[in-house]
Amino acid sequence: MGTNLIGADLTETVLRGANLTGANLMRANLMCTNFTRANLTEVKLMLANLTETNLRGANLMWAILKGANLTETNLTEANLQGANLSGANLTGAKLTGADLREANYSILIMHRIDWGELSDELTLELMRHNAEICGNKAMTDWVKGGQCPFSTGNIQKLFHFNEKKELWKPGKPKLHNMKLWKALCKEKDIKI
């Protein structure tokens with residue numbers, strides 16, 4: 193049985209390489225905490241605030257992150273095998289090289305993850321998905337120097353990534369749902 197840290201405030205704490213196997217951090221405030229390469233196997237992080245936390249290379253096998261706030265969290269190369277991510281907020285999270293095999297999550301997380309730099313093919317694909325929200329004309333106007341159709345806050349992008357205006361060509365997206373998820377994960381070396 194691990195350490196009981198329910199509701200603890202560990203904001204901005206450096207726990208690089210720490211071993212917290214099985215710890216209970218339910219409802220803990222871990223905002224901006226550094227867990228680089230930490231062992232968080234089977235840790236309980238339900239409803240925890242992990243906003244802007246660094247979990248690069250951390251071992252989160254079988255961790256329970258149900259309902260956790262992982263906004264802007266760095267999960268690059270993290271081991272999330274078997275982790276429960278149901279209801280977790282992954283807005284702006286970075287998952288390049290992460291291992292999600294056997295994890296419990298919805299592929300809808302692809303709309304919240306920060307995909308960063310992508311190949312030209314996938315960049316155009318995601319731009320076309322975003323254009324389905326704002327319209328091809330709005331995207332074309334933006335490419336020609338107009339206002340970004342998503343800057344007013346009235347509508348939100350489907351995908352977050354580094355757009356390349358020079359690639360824009362109106363058209364229908366070719367990849368959807370699982371095919372798109374698999375293509376994005378393959379490009380970012382996310383194991384699913």
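In short: position in the sequence shown from 1, add 192, done, that's the numbering used here.
Cβ atoms here follow ideal geometry from the backbone N, Cα and C, with glycine treated the same way.
What you are looking at is a predicted structure, and each value in this text was computed from that prediction instead of being measured.
Cα atoms of A255 and K336: separation of roughly 46 Å, rounded to the nearest angstrom.
Ranked by Cα distance from T205, the options T245, T213, Q339 and N211 are led by T245.
A straight-line Cα-Cα distance of about 52 Å links T195 and W360.
Between G209 and the set M218, L217, T233 and A200, the nearest pair of CA atoms involves T233.
Take the alpha-carbon of E317 and the one of G308: they are about 14 Å apart. In this structure, the straight-line span from the alpha carbon of E355 to that of Y297 is close to 26 Å. In terms of Cα proximity to A250, the closest of G289, N241 and M238 is G289. If you draw a straight line from the Cα of L267 to the Cα of W334, it comes to about 32 Å. A buried status is given to T315, since no fewer than 16 other beta-carbon atoms sit within 10 Å of its beta-carbon. The DSSP-derived three-state label of D312 is helix.
In the displayed model, K371 falls within a helix according to three-state DSSP. The shortest C-alpha to C-alpha distance from L262 to any of L212, M253, L272 and A280 is the one to A280.
For N328, the enclosing alpha helix (DSSP H) begins and ends at N328 to V335. The DSSP-derived three-state label of N354 is coil. Counting of Cβ neighbours within 10 angstroms places E269 among the buried residues, the total reaching 16 or more. DSSP places N346 in the coil class of the three-state scheme, outside both helix and strand.
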